Amino acid sequence: DPKIIQKPKYLVAVTGSEKILICEQYLGHNAMYWYRQSAKKPLEFMFSYSYQKLMDNQTASSRFQPQSSKKNHLDLQITALKPDDSATYFCASSRVRVNYAEQFFGPGTRLTVL
Amino acid sequence: GDSVTQTEGQVALSEEDFLTIHCNYSASGYPALFWYVQYPGEGPQFLFRASRDKEKGSSRGFEATYDKGTTSFHLRKASVQESDSAVYYCALGDPNAYKVIFGKGTHLHVLP
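Quick note, the sequences are listed as chains A and B, same order.
With the working numbering, the residue at position 46 of the first sequence is 33, and numbering never jumps.
With the working numbering, the residue at position 39 of the second sequence is 663, and numbering never jumps.
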């Protein structure tokens, strides 16, 4: 059974629209993260959450908003989408603080913005 | 700021060749160092970690030794197989923040 679920697997959006990327983890972890991967920036850290609290934000744009409704959920809302937002977005989790811990990654959501 | 520099681009080897992917880091103190592997269409997978000087991490025949003197954590494998073809990432646990910094990745092609 998949331990980290990301939905949808593929997503196509038009410029200016808004989308929500879903992430659920069933590993019992307390920390969750979002990463972005594109040809320009191979694996880029975006956000870290611990016990549903934002711990670090490396995303300059407020168009990206993580949402944690439950301990094992961390969704990513993206507003006013731009073609440059096209990338694969990975959710990850770890048992303890990520600085020292093994991270488990989901399969990713591939977003294409037209 | 903290950073990771690894062998860039692609490395092409034949089966049973010896592999070295270089990784150097820049950070204060003793950051944890990691290697991850990513296969096509999947998320990265943890290989192993080391968190103190001279500590060796290893998994699946891959190994690396934390060297604070040379600020390095080079990935090595004695005999690669075609199934090892993937992208390998060196990463650093930022000791002053709640995040991990990844290198740009090295694409390993192993030819049969």
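Idealized CB from N, CA, C, for every residue including glycine.
Note that this is a predicted model, so its numbers are computed, not measured.
Contact criterion: CB-CB distance below 8 Å. Does Q90(A) meet it with respect to chain B?
Taking the first residue of the first sequence as position 1, residue 90(A) is located at position 103. Yes, because at least one Cβ of chain B sits closer than 8 Å to the Cβ of Q90(A).
Partner residues on chain A for E666(B), Cβ-Cβ distance less than 9 Å
Stepping through the second sequence from its first residue, residue 666(B) is reached at position 42. By Cβ distance, chain A contributes F92, P94, G95.
Residues from the segment 34 to 56 of chain A in contact with chain B, defined by Cβ distance under 8 Å:
S35, S37, M42, D43, Q45
Assigned exposure category for I725(B) - 16 Cβ within 10 Å defines buried:
Counted from its first residue, the second sequence places residue 725(B) at position 101. Buried, since its Cβ has 16 or more Cβ neighbours within 10 Å.
Does the ligand NAD have even one heavy atom less than 7 Å from the beta-carbon of A721(B)?
What this structure holds is no ligand at all, so the ligand NAD is not there to describe.
Can you list, in chain order, the residues of its chain with a C-beta nearer than 7 Å to that of T129(A)? Leave out the 5 residues immediately preceding and following it.
Within the shown structure, residues of chain A are numbered from -12 to 101, placing residue 129(A) beyond reach of any answer.
Among V83(A), S73(A), P(-5)(A), K(-6)(A), the one whose alpha carbon lies nearest that of Y38(A):
Here residue 38(A) is taken as the residue at index 51 of the first sequence, counted from 1. With distances taken between Cα atoms, Y38(A) lies closest to V83(A).
Comparing alpha-carbon positions, which option in Y(-3)(A), Y87(A), Y36(A) lies nearest I7(A)?
Taking the first residue of the first sequence as 1, we reach residue 7(A) at position 20. Among Y(-3)(A), Y87(A), Y36(A), the Cα nearest to that of I7(A) is on Y(-3)(A).
When the Cα of T75(A) is compared with those of K(-10)(A), S4(A), I9(A), G3(A), which residue comes out closest?
On the first sequence, residue 75(A) is found 88 positions in, with the first residue counted as 1. Looking at the Cα atoms, I9(A) is the closest of the given residues.
Measure the C-alpha to C-alpha separation of D43(A) and Y660(B) and round it to an integer number of angstroms.
Numbered from its first residue, the first sequence carries residue 43(A) at position 56. Numbered from its first residue, the second sequence carries residue 660(B) at position 36. Taking the straight line joining both Cα atoms gives about 21 Å.
Does E706(B) come out as helix, strand or coil in the three-state DSSP assignment?
By one-based count along the second sequence, residue 706(B) stands at place 82. In the structure shown, E706(B) sits in a helix (DSSP, three-state: H, G or I).
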